[in-house]
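The letter at position 166 of the first sequence is residue 166 when you use UniProt numbering, and the numbering goes up by one with no holes.
Here's the structure we're looking at; comments come further down.
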Amino acid sequence: MGRQPCCDKLGVKKGPWTAEEDKKLINFILTNGQCCWRAVPKLAGLRRCGKSCRLRWTNYLRPDLKRGLLSDSEEQLVIDLHARLGNRWSKIAARLPGRTDNEIKNHWNTHIKKKLLKMGIDPVTHEPLNKEEKRTESSSPQPTENNNHAAENDASANSEDNSSSMLAENCSSDDSNLLDSICYDEALLDILLMDAAPLVDASWGIINPPENGNCGTMATALPSWEEDNCSWLLDCQDFGIHDFGFDYLNDNIELNAMNTLDIGDKN
DNA sequence: AAGTCCCTCAACCGCCCAAGG
DNA sequence: GCCTTGGGCGGTTGAGGGACT
């Protein structure tokens, strides 16, 4: 039998999103909130798979996203969390507000992995490569989930031998202090690693579908954005702020947004 | 200047899980 | 308990652009 495809493959557009499509998706979610991704393309007038819409939204259009490269401290935190959690990118991303699992995964594969290898550290086990070679010589099993946990325990049990301390010298003193406070406080880290509600969604959960069964509207969510963080608007890349009907936002925000759009235009 | 190689990252794919009927 | 469905996750791909020859 097999499961029904998440969308009708016929007539579904694939590939890069256009500014027009982004606009439609944003407009729809601003108006209706996030609900039933399968229905989103139809209701928003998009020839896209619902899954594709969700991905586009969560990885690129979501208002609470940070853009740009990971900072040293973020990178260090990723390394430390990876040593403990393995390739559970969503869990790692949940501890880095404004970052997506996809972004972290990409950054890991393209930057951090190489960095660790260059430093002689196995990016899988987070142990020195020569140590790893000795292990494989003595016919150790392939890395598994359990082995990752073993590495986790190893890392936390032997703070002098873990990747964090090896890499700490690469961080600025500020970064190190941040990491010291986050990574080496076992109690705090245990709390952070618990399956609590993801930090990244805390401010955004407000537009989840409301109890009344209707899709939530952005009307209730917008005030908190105005107060807290409208930086996401600055990151709208291919379209103007006015396209979303945000003219009523204050002048500074709009000015900043337009400045950023100028930068974006250069790309 | 042109061609090729390499790197980055947005997007897709397939699988898994939880919730609801 | 089984089936269906929606959503989420991790792995992989491929287009685009910069670096190199």
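Here a beta-carbon is modelled for each residue, glycine too, at the ideal position from N, C-alpha and C.
These figures come from a predicted structure and were not determined experimentally.
Checking the sheet assignment: what are the DSSP bridge partners for residue i?
{"i": "I121", "result": "P128"}
On the three-state DSSP scale, how would you describe residue i?
{"i": "R54", "result": "helix"}
{"i": "residue 268", "result": "Lying before the first or after the last residue shown, residue 268 is absent from the chain, which here runs from 1 to 267."}
{"i": "T110", "result": "helix"}
{"i": "T31", "result": "helix"}
{"i": "D64", "result": "coil"}
{"i": "L96", "result": "coil"}
{"i": "V40", "result": "helix"}
{"i": "N102", "result": "helix"}
{"i": "S90", "result": "helix"}
{"i": "R48", "result": "coil"}
{"i": "V78", "result": "helix"}
{"i": "L116", "result": "helix"}
{"i": "L25", "result": "helix"}
{"i": "L69", "result": "coil"}
What distance in whole Å lies between the Cβ atoms of residue j and residue i, which are believed to be in contact at a cut-off of 8 Å?
{"i": "L25", "j": "L55", "result": "With 8 Å as the limit, L25 and L55 do not qualify as a contact, their Cβ atoms being about 11 Å apart."}
{"i": "L65", "j": "T100", "result": "7 Å"}
In terms of alpha-carbon separation, which member of the options lies closest to residue i?
{"i": "N32", "options": "L43, V124 and D22", "result": "L43"}
{"i": "R67", "options": "K51, I29, G15 and N102", "result": "N102"}
{"i": "D22", "options": "W89, R47, I121 and A83", "result": "R47"}
{"i": "A83", "options": "P128, P41, E20 and P16", "result": "P128"}
{"i": "S71", "options": "V12, H111 and A19", "result": "H111"}
{"i": "E74", "options": "G98, D122 and C53", "result": "G98"}
{"i": "R38", "options": "F28, K13 and K51", "result": "K51"}
{"i": "K14", "options": "K91, L117 and C53", "result": "C53"}
{"i": "K114", "options": "I79, W89, V40 and Q34", "result": "I79"}
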